[in-house]
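K.L.:
Numbering (this note's numbering), first residue to last: 5 to 898.
#1: Quick check on the burial criterion: 16 or more other C-beta atoms within 10 angstroms. Buried or exposed for residue 883?
#2: Given a threshold of 16 other Cβ atoms within 10 Å of its Cβ, counted over all protein chains shown, does residue 433 qualify as buried or as exposed?
#3: Taking 8 Å as the cut-off, does the stretch 303-313 touch the stretch 252-270 (at least 3 CB pairs, one atom from each stretch)?
#4: May I ask which residues mark the beginning and end of the alpha helix (DSSP H) holding residue 808?
#5: Which residues in the same chain as residue 577 place their Cβ atom closer than 6 Å to its Cβ, once the five residues preceding and following it in sequence are excluded?
#6: Near residue 271, which residues of its chain fall below 8 Å by C-beta distance, leaving aside the five closest residues on each side in sequence?
#7: Starting from residue 480, follow the alpha helix (DSSP H) in both directions and report where the run begins and ends.
#8: Under three-state DSSP, which class holds residue 331?
#9: Among residues of its own chain, excluding the 5 on either side of residue 785, which ones have a beta-carbon nearer than 7 Å to its beta-carbon?
#10: Would you mind reading off the limits of the beta strand (DSSP E) that contains residue 176?
#11: Any idea what DSSP makes of residue 514, helix, strand or coil?
#12: Assign residue 39 to one of three DSSP states: helix, strand, or coil.
#13: From residue 400 to residue 359, what distance separates their C-alpha atoms?
#14: Quick one: residues in its chain with C-beta nearer than 8 Å to the C-beta of residue 616, no 5 flanking neighbours on either side, listed in chain order?
#15: What separation, rounded to the nearest whole angstrom, lies between the Cα atoms of residue 188 and residue 78?
#16: With H, G and I counted as helix, E and B as strand and the rest as coil, what does DSSP make of residue 718?
#17: Can the beta-carbon of residue 136 be found closer than 8 Å to that of residue 62?
#18: I need the straight-line Cα distance from residue 120 to residue 715, nearest angstrom please.
#19: Assign residue 669 to one of two classes, buried (16 or more other C-beta atoms within 10 Å of its C-beta) or exposed (fewer than that).
#20: Taking only three categories from DSSP, how would you classify residue 613?
#21: DSSP state of residue 187, grouped into three classes?
#22: Assuming residue 409 and residue 312 form a contact by the criterion Cβ under 8 Å, report the distance between their Cβ atoms to the nearest whole angstrom.
#23: Compare the Cα-Cα distances from residue 655 to each of 331, 589 and 850 and report the closest residue.
#24: Does DSSP put residue 228 in a helix, a strand or coil?
#25: At what residues does the alpha helix (DSSP H) containing residue 693 begin and finish?
#26: So, does the CB of residue 542 fall closer than 8 Å to a CB anywhere in chain C?
#27: Please confirm whether residue 429 and residue 158 have their CB atoms less than 8 Å apart.
#28: Have a look at residue 443 and residue 417 and give me their C-alpha separation to the nearest angstrom.
#29: Tell me where the beta strand (DSSP E) around residue 350 begins and ends.
#30: Over the uninterrupted beta strand (DSSP E) stretch that includes residue 378, give me the two end residues.
#31: Need the endpoints of the beta strand (DSSP E) that residue 437 sits in, please.
#32: Which residues in the same chain as residue 703 place their Cβ atom closer than 7 Å to its Cβ, once the five residues preceding and following it in sequence are excluded?
#33: Mind pulling the alpha helix (DSSP H) runs of 4 or more residues that sit fully within the stretch 459-508?
#34: Quick check: what's the CA-CA separation for residue 510 versus residue 70?
#35: Could you pull out every residue in the same chain whose Cβ sits closer than 7 Å to the Cβ of residue 74, ignoring the five residues on either side in sequence?
#36: Using beta-carbon positions only, say whether residue 185 and residue 425 come within less than 8 Å of one another.
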């Protein structure tokens with residue numbers, strides 16, 4: 005095959021990806037090899053490739069390809085998540101564009117639209133991952149709502165219900181008014197908000213108020229006594245059923261036993277006492293709205309208060325609110341503030357910074373809401389999942405996330421697993437009426453089993469008498485089973501795949517879903533398989549722009565990954581991502597890194613073309629080449645050991661840099677120069693074959709990071725059979741011997757010697773074609789490398805002298821002194837001109853310093869350190885000027 009003069013990633017990438025697929029090189033079946041298993045964090049079926057996906061999947065692909073080249077049976081399982089809230093919102097919006105409301109449809113009709121949407125859009129992101137080079141076993145692609153996964157989810161729900169770990173009850177939940185569904189605590193994102201603190205007047209009913217203690221702070225105006233409540237949510241006053249004070253709050257003692265009137269609502273409510281109230285916040289008076297705050301709800305239960313739910317599911321005011329019925333809660337907040345002010349019921353208004361909970365999915369403020377939901381008891385699972393991480397049976401990279409994990413599990417709350425949605429796994433609970441007319445339900449895997457269970461309580465029941473629960477399960481209730489369910493380990497716990505591939509090896513994910521997904525997968529793993537679902541968890545950072553801002557569509561600072569691939573090639577983008585991606589730390593992404601990646605591709609390509617362009621002859625191998633080959637063989641082994649250690653500690657970015665330096669600096673910058681034949685001369689066959697072997701090894705090291713160019717060049721090194729691929733090749737290198745380590749150390753010094761000679765050439769303007777002599781003073785400790793030094797520094801000879809010549813330029817390498825006698829090689833006129841220019845510059849600089857020191861005001865008032873520094877500059881300049889004048893005088897004698 006002829007190699008193109010320039011690297012064209014478009015032609016190369018499409019060609020080899022198809023080749024890999026055609027030859028089933030990503031597929032995996034259980035065999036006798038050690039398995040290496042990775043399951044993809046399933047992206048939302050609604051999603052398209054973004055920079056976070058790029059980073060995460062590049063890291064996974066690096067690990068999978070490396071494992072494959074280590075001889076392991078690598079299996080990377082792809083798939084997507086049905087994403088209940090996000091997908092339902094997309095379908096609802098699409099229907100709205102067609103003039104159709106969700107409420108106009110039956111559940112079955114809506115689900116048909118949802119499946120149609122999923123079939124049309126669901127595979128987009130997985131197709132895009134192929135552009136990146138992701139070597140997934142596509143035949144194993146799973147979907148959290150396909151038949152296998154759905155049956156697994158329902159089976160687990162029923163099992164946990166039978167174990168008493170799932171229950172149904174009325175609880176205060178986080179409510180998303182836009183999606184109109186409950187959320188778990190982990191789906192609430194708290195943001196800092198610049199809010200207002202509204203001080204409202206609650207009129208005291210009793211007219212006999214009197215000062216009972218000097219510490220009391222009583223409020224009175226022309227209309228009588230009133231208590232003041234500070235709140236950030238005036239729109240909830242319609243749900244107030246009490247005012248609460250702390251019994252130890254001296255300033256509010258006068259309110260004990262009293263009743264107050266809710267502003268605008270004109271409802272009389274009691275003043276209750278409880279230690280819960282913070283005496284220092286606001287006025288120390290708390291409005292109690294049991295239906296709309298979790299702490300108020302607890303107070304309501306404790307004190308037997310009424311509960312008034314003033315909100316509809318969509319966040320508008322309900323009939324129970326009595327005022328502002330049908331208005332959105334945020335509009336009510338604006339309007340009620342005006343109405344309170346107008347009615348003389350607003351004491352004052354202050355700016356106030358607080359944290360507000362937002363829905364992680366729809367980004368609207370959540371509403372605490374009393375609701376009948378399904379919950380999973382979590383303490384049992386926390387007890388299972390905490391020890392293995394704390395004991396490092398499951399290792400986190402970086403380890404700092406162990407504390408985050410521990411804190412969550414030690415403060416675990418029951419998981420609200422029901423969602424008021426149609427798209428998702430429908431909860432397998434069936435409601436019916438018992439023989440004595442009471443409402444009841446059973447939980448079963450299917451309707452037939454449910455009927456049989458229900459008939460045990462009412463034998464006259466028929467199938468049509470059962471009504472299945474309308475709620476769906478939280479999306480995470482399916483993805484927590486992912487490492488088990490992708491191998492059908494729930495339905496068939498002893499099948500060959502689950503026994504071979506489970507537990508998986510590495511999980512690569514973002515720390516933002518450590519609770520949503522990582523912890524819960526560990527819980528499910530121990531519950532259903534008795535062991536962890538993975539051995540290591542690698543947490544990526546957040547991709548930010550070069551200014552440190554999180555990439556987002558709204559900021560317009562997130563590049564389109566596919567456009568980057570089109571511009572720089574997949575290998576270039578992969579390298580750009582990884583150059584800035586240390587584990588667990590945020591990635592400051594700059595497109596110039598992709599350009600650096602593309603340049604590296606070109607470097608590899610051109611180096612290969614150089615080698616392949618050499619004419620080869622059966623001739624004696626030069627000594628310099630023998631030395632170079634022995635050194636680079638040792639260097640490869642040394643680098644391979646470093647690479648192995650870096651991968652063991654998941655320092656993948658550093659591993660890439662190690663291979664990058666090995667190729668760019670050592671191989672291209674030094675080795676190829678050492679063995680390169682003279683102009684229009686052939687290279688000996690031994691050196692050529694050794695160089696090709698080195699190239700082969702380097703491509704194998706680079707392949708996990710840059711799969712496309714390495715496959716292309718590997719196929720060009722030797723004649724390959726159809727179906728051969730670099731990804732199936734192993735790099736077998738031993739650890740360097742002591743002798744090889746010594747060679748590596750020696751050559752580092754040899755490189756310094758060569759660089760020293762080159763520096764002399766540059767400083768003295770001596771052309772590269774001019775051969776020089778190198779002198780070593782007293783002894784030559786590197787004489788066995790003379791042939792390399794002679795060639796690389798273009799020397800005519802290396803000699804040992806007892807004393808360096810007067811006209812020599814010298815440099816040190818360690819404790820060894822080297823000299824390059826210059827003799828007639830120096831252009832005296834040019835050297836004088838250069839020295840005089842330096843002298844002129846220094847004299848000008850000295851004049852400026854002396855002018856400053858002659859300024860009495862500066863010397864008197866500037867800090868002593870600053871004055872001392874200027875005097876030091878003066879002395880240093882005088883010394884340099886004297887030395888330059890002496891040099892010029894010597895040069896003029898010549």
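Even glycine gets a Cβ: it sits at the ideal position worked out from N, Cα and C.
This one's a predicted model, so the numbers in the text were calculated from it and none came from an experiment.
P.N.:
For this structure:
#1: Position 879 of the chain shown, counted from the start, is the residue given in the question as residue 883. So residue 883 counts as exposed.
#2: For the purposes of this step, residue 433 is taken as the residue at position 429 of the chain shown. Counting the other CB atoms within 10 Å of its CB gives residue 433 a total of 16 or more, which places it among the buried residues.
#3: By the Cβ rule, the stretch 252-270 does not count as touching the stretch 303-313, because fewer than three pairs are nearer than 8 Å.
#4: Here residue 808 corresponds to residue number 804 of the chain shown, with the count starting at 1. Run containing residue 808: none; DSSP gives neither H nor E here.
#5: As a position in the chain shown, residue 577 is number 573, starting the count at 1. Correct list, in chain order: 568, 569 and 598.
#6: The residue labelled residue 271 in the question sits at position 267 within the chain shown. Within the same chain, residue 271 has close Cβ partners 244 and 265.
#7: In the chain shown, the residue the question calls residue 480 occupies position 476. It spans 480-483 - the alpha helix (DSSP H) in which residue 480 sits, taken as one unbroken run.
#8: Along the chain shown, one-based indexing puts residue 331 at 327. It is coil, neither helix nor strand.
#9: Looking up residue 785 in the chain shown gives position 781. The beta carbon of residue 785 sits closer than 7 Å to those of 820, all from its chain and outside the five residues before and after it, given in chain order.
#10: The residue you call residue 176 lines up with position 172 of the chain shown. Looking at the DSSP string, the run of the beta strand (DSSP E) that includes residue 176 is 170-180.
#11: The residue given as residue 514 occupies position 510 in the chain shown. If DSSP states are grouped into helix, strand and coil, residue 514 belongs with coil.
#12: Sequence index remark: in the chain shown, residue 39 carries index 35 (1-based). Three-state DSSP puts residue 39 in a strand.
#13: Stepping through the chain shown from its first residue, residue 400 is reached at position 396. Stepping through the chain shown from its first residue, residue 359 is reached at position 355. Cα to Cα, residue 400 sits roughly 30 Å from residue 359.
#14: For the purposes of this step, residue 616 is identified with residue 612 of the chain shown, where counting begins at 1. By the criterion of a C-beta distance shorter than 8 Å, residue 616 is surrounded in its chain by 7 and 720, once the five residues flanking it on both sides are discounted.
#15: Counted from its first residue, the chain shown places residue 188 at position 184. Counted from its first residue, the chain shown places residue 78 at position 74. For the pair residue 188 and residue 78, the Cα-to-Cα distance works out to about 35 Å.
#16: Residue mapping note: residue 718 aligns to position 714 of the chain shown, counting from 1. Residue state, collapsed to three classes: helix.
#17: Within the chain shown, numbered from 1, the residue matching residue 136 stands at position 132. Within the chain shown, numbered from 1, the residue matching residue 62 stands at position 58. Yes, Cβ-Cβ distance for residue 136 and residue 62 is below 8 Å.
#18: In the chain shown, the residue the question calls residue 120 occupies position 116. In the chain shown, the residue the question calls residue 715 occupies position 711. Near 39 Å, if we compare the C-alpha coordinates of residue 715 and residue 120.
#19: The count along the chain shown starts at 1 and reaches residue 669 at position 665. Its Cβ having fewer than 16 others within 10 Å, residue 669 is exposed.
#20: Taking the chain shown and counting its residues from 1, the one referred to as residue 613 is at position 609. Three-state DSSP puts residue 613 in a helix.
#21: Along the chain shown, read from residue 1 onward, the residue named residue 187 stands at position 183. Strand, per DSSP.
#22: Taking the first residue of the chain shown as 1, we reach residue 409 at position 405. Taking the first residue of the chain shown as 1, we reach residue 312 at position 308. Not a contact, Cβ separation roughly 40 Å.
#23: Here residue 655 corresponds to residue number 651 of the chain shown, with the count starting at 1. Ranked by Cα distance from residue 655, the first of 331, 589 and 850 is 589.
#24: Position 224 of the chain shown holds residue 228. Note: residue 228 maps to strand in three-state DSSP.
#25: One-based indexing of the chain shown puts residue 693 at position 689. Run containing residue 693: 689-706, per the alpha helix (DSSP H) assignment.
#26: The chain inventory of the structure shown lacks chain C, comprising one protein chain alone.
#27: Taking the first residue of the chain shown as 1, we reach residue 429 at position 425. Taking the first residue of the chain shown as 1, we reach residue 158 at position 154. At a Cβ-Cβ threshold of 8 Å, residue 429 and residue 158 count as neighbours.
#28: The count along the chain shown starts at 1 and reaches residue 443 at position 439. The count along the chain shown starts at 1 and reaches residue 417 at position 413. Their Cα atoms are separated by approximately 29 Å.
#29: The count along the chain shown starts at 1 and reaches residue 350 at position 346. Per DSSP, residue 350 belongs to the beta strand (DSSP E) from 350-363.
#30: Residue numbering aside, residue 378 sits at position 374 when the chain shown is read from its first letter. Bounds of the beta strand (DSSP E) holding residue 378 are 371-380.
#31: Translated into positions along the chain shown, residue 437 becomes position 433. Per DSSP, residue 437 belongs to the beta strand (DSSP E) from 433-437.
#32: In the chain shown, the residue the question calls residue 703 occupies position 699. Taken in chain order, the residues that qualify are 714, 717, 718 and 730.
#33: As far as the stretch 459-508 is concerned, its whole alpha helix (DSSP H) runs of at least 4 residues are 480-483, 486-489 and 500-505.
#34: Along the chain shown, read from residue 1 onward, the residue named residue 510 stands at position 506. Along the chain shown, read from residue 1 onward, the residue named residue 70 stands at position 66. Annotation: residue 510 to residue 70 spans about 13 Å, alpha carbon to alpha carbon.
#35: Numbered from its first residue, the chain shown carries residue 74 at position 70. Only 734 meet the Cβ criterion.
#36: Your numbering for residue 185 matches position 181 in the chain shown. Your numbering for residue 425 matches position 421 in the chain shown. A distance below 8 Å separates the beta carbons of residue 185 and residue 425.
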